[in-house]
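**Q**
Residue numbers (the numbering used here), protein chains in the order written: chain A, 191 to 452; chain B, 6 to 308.
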């Protein structure tokens, strides 16, 4: 498609992405400035900025975000580790896949958040319940992608290993794992994204303690639109940061193992 | 495809022709193999196939047995884990009183309306951005920035704007479906096989002909993948939205059961949510496979 459109004048093109946000903020500012609506929900950009500054300098905000992140990362690590083990078992053992695979696929279909009531009865509303939920959220994509990666190793590779008389362990270490790595990375990457989403959800539904999700709910309950908007941006920024981190890590690992990205 | 080759590899090790690969195995393995082969050779193919059919049911049966035993022996109180018979009874009650149908249809209506709005907008947005690089330059960065905020992040904002009525659910479900549909549609346009475009150019197709005869047909299958993903996301966020703010629907049943500490109701509703999700996903998968089957022919013909 790109060959059809001329690629002349690349310099103004780079700024095109900024047009929409700038116009949106300008309209927003104009709307509050001119008082187009007297609803209390229409807060001015200045007020949001002031709230942001107030939050950034307050200790409570940093406590909220650090406890959210701590929960997020611990759930992510537990879920990813378990997911790698389960995914490898599913990928390597045909018997295990036959016994556990169908049950896992059914389990995967149940909307993750439907588990929250059961988790809250079994584990309470505190950090334990949240971490259990987050691990579950991180587990699923890791298992799926690890198993897929191991199953989809090109048959030609396996035949070469067979011809050279590799032992099973050598085949796994030298052929299957390296070939499956990109897919495994994808799973871990997805796990990081999902676990952040689940962190917010867990804080909405298991309401106790502090966290960025609780801040957001507070703002919503007290009709403080400025706080809500600020919280949304923070959630987006943290998600983006985690995304960037995971992608960088993925690229570095790929370079380390000499794999070209898919 | 991969599955088929995997089973082909496996069949090489079946009793029929084991000797060639076995010879190359290291000594330790060689000792073990003949015994297995001998045992497998005794059982007929029918038996092993029946066993293969049976294996997936082993784990659910074991879990169910453990659950039944646990509630029978009183390892856990009924409040924490209601006995399976009780959950089944609740499910039957829900179905016979019509509550289940009422709530399920409310949920289905929400998810369908939200999905139709979201996927319609998503396909349009993806189409416009895919066809015009200029529009993409203007829209995509903002779109990508907004996508970083998950549906759950939008929720308090939408709650303030729309209240907790039906529009809130439609908007959030539509948003959940919109994101994957837009991205997959855009990707579908970017991934049109170069070879096909070159053929079009060689035959002197006009831009319009290239779009209608080459780009759109080859984009159908990826767009459908996006729709499937979008529906999965829509179903997921339906449950969340109903858990948080609703007075009917399957998610509401779960939230209601939780408030009254009726875990049997919660579990019955979870089973229904899972079953419906599975059913929808399977039907999408079926259509997707059919679409992809037709698609695989094109590169084969060209080579």
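All residues carry an ideal CB built from backbone N, CA and C; glycine is no exception. In this text, all values refer to a predicted model and were calculated from it rather than measured experimentally.
#1: Express the C-alpha separation of residue 372 of chain A and residue 445 of chain A in angstroms, rounding to a whole number.
#2: Compute the Euclidean distance between the alpha carbons of residue 310 of chain B and residue 224 of chain B, then round it to the nearest angstrom.
#3: Sort B:243, B:65, B:267, B:265 by Cα distance to residue 256 of chain B and report the nearest one.
#4: Is it buried or exposed for residue 437 of chain A, if we count other Cβ within 10 angstroms and need 16 for buried?
#5: Spell out whether any CB of chain B is found under 8 Å from the CB atom of residue 188 of chain A.
#6: Nearest CA to the CA of residue 271 of chain B: which residue from B:95, B:77, B:138, B:90?
#7: How is the alpha helix (DSSP H) around residue 355 of chain A delimited, first residue to last?
#8: From the beta carbon of residue 162 of chain B, is the nearest beta carbon of chain A less than 8 Å away?
#9: Please list, in chain order, all residues of the same chain as residue 173 of chain B whose beta carbon is under 6 Å from its beta carbon, the five residues on each side excluded.
#10: Is it true that the CB of residue 254 of chain B sits closer than 8 Å to the CB of residue 182 of chain B?
#11: Less than 8 Å between C-beta atoms, sequence neighbours within five positions excluded: which residues of the same chain meet that for residue 231 of chain A?
#12: Check whether the Cβ atoms of residue 169 of chain B and residue 304 of chain A lie closer than 8 Å to each other.
#13: Could you please give the first and the last residue of the uninterrupted alpha helix (DSSP H) stretch that includes residue 110 of chain B?
#14: Just to confirm my understanding: we take residue 351 of chain A, look at its own chain, exclude 5 residues before and 5 after, and list those with CB closer than 8 Å. What are they?
#15: Closer than 8 Å between beta carbons: that is the criterion. Which residues of the region 377-394 of chain A meet it against chain B?
#16: For residue 193 of chain B, which residues from the same chain have a beta carbon less than 6 Å from its beta carbon, with the 5 sequence-adjacent residues on both sides left out?
#17: Taking residue 176 of chain B as the reference, which of B:141, B:101, B:63, B:123 has the closest Cα?
#18: What do you reckon, are the CB atoms on residue 379 of chain A and residue 440 of chain A nearer than 8 Å?
#19: Are residue 207 of chain A and residue 146 of chain B closer than 8 Å when you measure CB to CB?
#20: Note the first and the last residue of the continuous alpha helix (DSSP H) segment covering residue 384 of chain A.
#21: How would you list, in chain order, the residues of chain B whose beta-carbon sits under 9 Å from the beta-carbon of residue 211 of chain A?
#22: Looking at the C-beta of residue 263 of chain B, does it have a partner C-beta in chain A at a distance below 8 Å?
#23: Flag residue 296 of chain A as yes if its beta-carbon sits less than 8 Å from any beta-carbon of chain B, otherwise no.
#24: Is it true that the CB of residue 396 of chain A sits closer than 8 Å to the CB of residue 315 of chain A?
#25: Would residue 83 of chain B be called buried (16 or more neighbouring beta carbons within 10 Å of its own) or exposed?
#26: I need the DSSP call for residue 286 of chain B, collapsed to helix, strand or coil.
#27: Could you check whether the Cβ of residue 195 of chain B sits closer than 7 Å to any heavy atom belonging to the ligand ZN?
#28: Here's the rule I'm using: 16 or more other beta-carbon atoms within 10 Å means buried, otherwise exposed. How should residue 273 of chain B be labelled?
#29: What are the residues in the region 228-256 of chain A lying within 8 Å of chain B by C-beta distance?
#30: Could you check what DSSP says for residue 68 of chain B in three-state terms: helix, strand or coil?
#31: So, residue 340 of chain A versus residue 282 of chain A, is the Cβ gap smaller than 8 Å?
#32: Output, in chain order, the set of chain A residues within a Cβ distance shorter than 7 Å of residue 116 of chain B.
#33: CA-CA distance, residue 215 of chain B and residue 202 of chain B?
#34: Per the contact definition of three or more C-beta pairs closer than 8 Å, is the region 390-409 of chain A in contact with the region 420-433 of chain A?
#35: With 8 Å as the C-beta to C-beta threshold (strictly closer), list the residues of the region 281-295 of chain A near chain B in chain order.
**A** Working from what's here:
#1: 11 Å
#2: The structure shown does not extend to residue 310 of chain B, since chain B is modelled only from 6 through 308, so no value can be given for it.
#3: B:243
#4: exposed
#5: This structure gives no information on residue 188 of chain A, because the portion of chain A shown stretches from 191 to 452.
#6: B:95
#7: Taken as a continuous stretch (DSSP letters only), residue 355 of chain A belongs to no alpha helix (DSSP H), as it is neither H nor E.
#8: yes
#9: 163, 167
#10: no
#11: 413, 415
#12: no
#13: 104-136
#14: 360, 361, 364, 365
#15: 386, 387, 390, 391, 394
#16: 224, 227, 228
#17: B:123
#18: yes
#19: yes
#20: 367-395
#21: 146, 147, 150
#22: yes
#23: yes
#24: yes
#25: exposed
#26: helix
#27: You won't find the ligand ZN in this model; it holds no ligand whatsoever.
#28: buried
#29: 231
#30: helix
#31: yes
#32: None at all; the shortest Cβ gap to chain A is about 11 Å.
#33: 7 Å
#34: yes
#35: 284, 285, 288, 289, 290, 291, 292, 293
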